[in-house]
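Start counting the sequence shown at 47; every next residue gets the next number (my numbering).
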Amino acid sequence: MKKSLILLLICWATLAAVAQESLRYRLDSLLSAPMFETSQVALMVYDLTDDRPLYTHNQRQLMRPASCMKLVTAITALDQLGSNYEYQTRIYYTGRIIDSTLVGNVYCVGGFDPMVSIDDVASLAAALQELGIDSIRGLLVADRSMKEAQDYGEGWCWDDDNPLLTALSIGRKNIFLTTFAEEVARLGINLEGVQLVEGRLPAGARLVATCQHSITQVLERMMKMSDNFYAESMFYQTAASQKKGLARAKDARDVSKRLFARLGLGHYPYKVADGSGLSLYNYVSAELLCMLLRHAWHSPAIRDALWPALPVAGVDGTLKDRMKKTAAAGNVHAKTGTLTGISSLAGYCTSDDGHDLCFSIINQGVMHNSDGKDFQNRVCAVLCEPYAYE
């Protein structure tokens, strides 16, 4: 019996070695493509089941990740804030209510929630009406001081369609205060003579109502649709968690760097410029992306929030039309990235032998992004297909 077990273990180890060699051979073959005469690629595949690297190529080269930067932002935020974190937009008032008239100011305090809708604003206005007022004698004040005044990310191209990074908006438009005033007036509250101004919440103001959206709600659109505005809002939530006054991009970078250090990668000169990947100043490595994915996988709360938000090959999000009719369809859950000359993909899949894998691929210098996507699709197919043992 003991001898049979030993033989079985030897057989299993031999098959595993052959499978890994087969994987290496097929990935090496893909790297011999003519496109790499004029472009670069970094690639890492990590076996989460056995907790060891399976394949590496230029894995420590610093490269621009494009929207795979959103993985850095998402995993950092979930690690720092937790999966139960709530974005908040709040309404306060000062002064006194005299004969159904609020003699004082109303403050709309933004928390950089990208999901705030007109319906949310209507609910906040209704909460103000529930104070029993029919008129306001004062100011309506927009408080956007949650974050620094910088409207755009560091290293963003001036000719891109960049979102304005404001802490109080509706549909990424700077219309919150006017919309709130319209909703308040629609409820029959007299605003005659009331001015709409910018300002900051004073001490002693009383809370009227709070509008909340969960980090997992924000995460879904951020990852599935690669929404840059949602990603930047999450970037600034991590900054705000440092409680240093105005949330600054620098504070968010510091949070990311501390996580890198915990993963044993703090000594590499990574550059974190923004949360979305729009910046041309971001520089990370395929190894860093893989180690963040590994960290998320082994942290149940992070994994449970991240996994359903990732696009699924051939099914939804930015991977809806990719890898169809291959072994990767419905298997690969990954974040895409695209900028001029850059194509990236990083995420998870399950190999034919049942092992859970994470991988990261960064193509750089590709003048046709379809070339990078085609290469990534082929890599994913190799990872998901049965190993060739012959």
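The C-beta atom is built at its ideal place from N, Cα and C for all residues, glycine as well.
Give me the Cα-Cα distance between Gln66 and Leu365, rounded to the nearest whole angstrom. 27 Å
In the structure shown, what three-state DSSP assignment does Arg98 receive? strand
I'd like to know if the segment 111 to 122 and the segment 336 to 354 are in contact, where contact means that at least 3 CB-CB pairs between them fall below 8 Å. yes
Can you tell me whether Tyr133 is buried or exposed, with buried defined as 16 or more other CB within 10 angstroms of its CB? buried
C-alpha gap between Asp97 and Met90, whole angstroms: 13 Å
Return the chain-ordered list of same chain residues with a C-beta closer than 7 Å to the C-beta of Arg368, the five sequence neighbours on each side being excluded. Ala359, Gly360, Lys419 and Asn423
With 16 as the cutoff for other CB atoms within 10 Å, does Leu400 come out buried or exposed? For the record, residue 400 in the displayed sequence is Gly; it is not Leu. It is exposed - the Cβ of Gly400 has fewer than 16 other Cβ atoms within 10 Å.
Just the C-alpha distance for Arg106 and Val330, rounded to the nearest angstrom, thanks. 8 Å
By Cβ distance, which residues of its chain are closer than 7 Å to Arg142, with the 5 residues on each side in sequence left out? Val149 and Gly150
Cβ neighbours of Asp362 in the same chain (closer than 8 Å, five flanking residues each side left out): Lys270
Mapping DSSP to helix, strand and coil, what is Ile121? helix
Using 7 Å as the cut-off, classify the Cβ of Leu148 as near or not near the heavy atoms of the ligand COA, replying yes or no. Of ligands this structure carries none, so the ligand COA is not represented either.
How would you label Gln196, buried or exposed, when you count the other beta carbons within 10 angstroms and need 16 or more for buried? exposed
CB contact flag (Leu305, Tyr316, <8 Å): no
Cβ pair Thr384, Ala112 closer than 8 Å: yes
Do you know offhand how far Leu326's Cα is from Cys203's? 8 Å
Which residues in the same chain as Gln288 place their Cβ atom closer than 8 Å to its Cβ, once the five residues preceding and following it in sequence are excluded? Asp297, Asp300 and Val301
Would you mind giving the Cβ-Cβ distance between Asp417 and Met81, rounded to the nearest angstrom? I have them listed as a contact below 8 Å. 5 Å
For Asn409, which residues in the same chain have their Cβ closer than 8 Å to its Cβ, ignoring the five residues on either side in sequence? Ser85, Gln86, Val87, Ile388, Ser389, Ser390, Asp417, Gly418, Phe421 and Gln422
Looking at the unbroken beta strand (DSSP E) that takes in Thr140, where does it start and where does it end? Counting along the chain, Thr140 falls outside any beta strand (DSSP E), and DSSP gives it neither H nor E.
Round the Cβ separation of Ala277 and Met268 to the nearest angstrom and send it over; I've been treating them as touching at under 8 Å. 5 Å
Can Glu200 and Asp320 be called in contact, C-beta distance under 8 Å? yes
Using a 10 Å radius around the Cβ and a threshold of 16 neighbouring Cβ atoms, would you call Val243 buried or exposed? exposed
Which residues DSSP lists as bridging Leu386, in chain order: Inspection of the sequence shows that residue 386 is occupied by Thr rather than by Leu. Thr386 pairs with nothing; no bridge assigned.
Compare the C-beta of Ser322 against all C-beta atoms of chain C and say whether one is closer than 8 Å. You won't find chain C in this structure, because it holds only one protein chain.
Opposing strand residues paired with Ser397 [DSSP bridges]: For Ser397, which the question treats as bridged, DSSP gives no partner whatsoever.
Residue nearest to Ser266 in terms of C-alpha spacing, selected from Cys336, Ala351, Leu237 and Met337: Looking at the sequence shown, residue 266 is not Ser but Glu. Considering only alpha carbons, the answer is Ala351.
Spatial neighbours of Leu127 in its chain, beta-carbon cut-off 8 Å, leaving aside the 5 residues before and after: Ile261, Gln283, Thr284 and Ser287
Flag this pair as yes or no: are the beta carbons of Leu94 and Cys395 separated by less than 8 Å? no
Excluding five sequence neighbours on each side, which residues of the same chain lie with their C-beta closer than 8 Å to the C-beta of Cys430? Thr372, Ala373, Ala374, Asn377, Val378, Cys395, Thr396, Ser397 and Asp398
Out of Ala213, Gln241, Ile121 and Pro346, point me to the one whose CA is closest to Val187's CA. Gln241
Provide the residue span of the beta strand (DSSP E) that contains His259, from first to last. Arg252 to Ser260
Buried or exposed (CB count within 10 angstroms, at least 16 for buried), Gly156: buried
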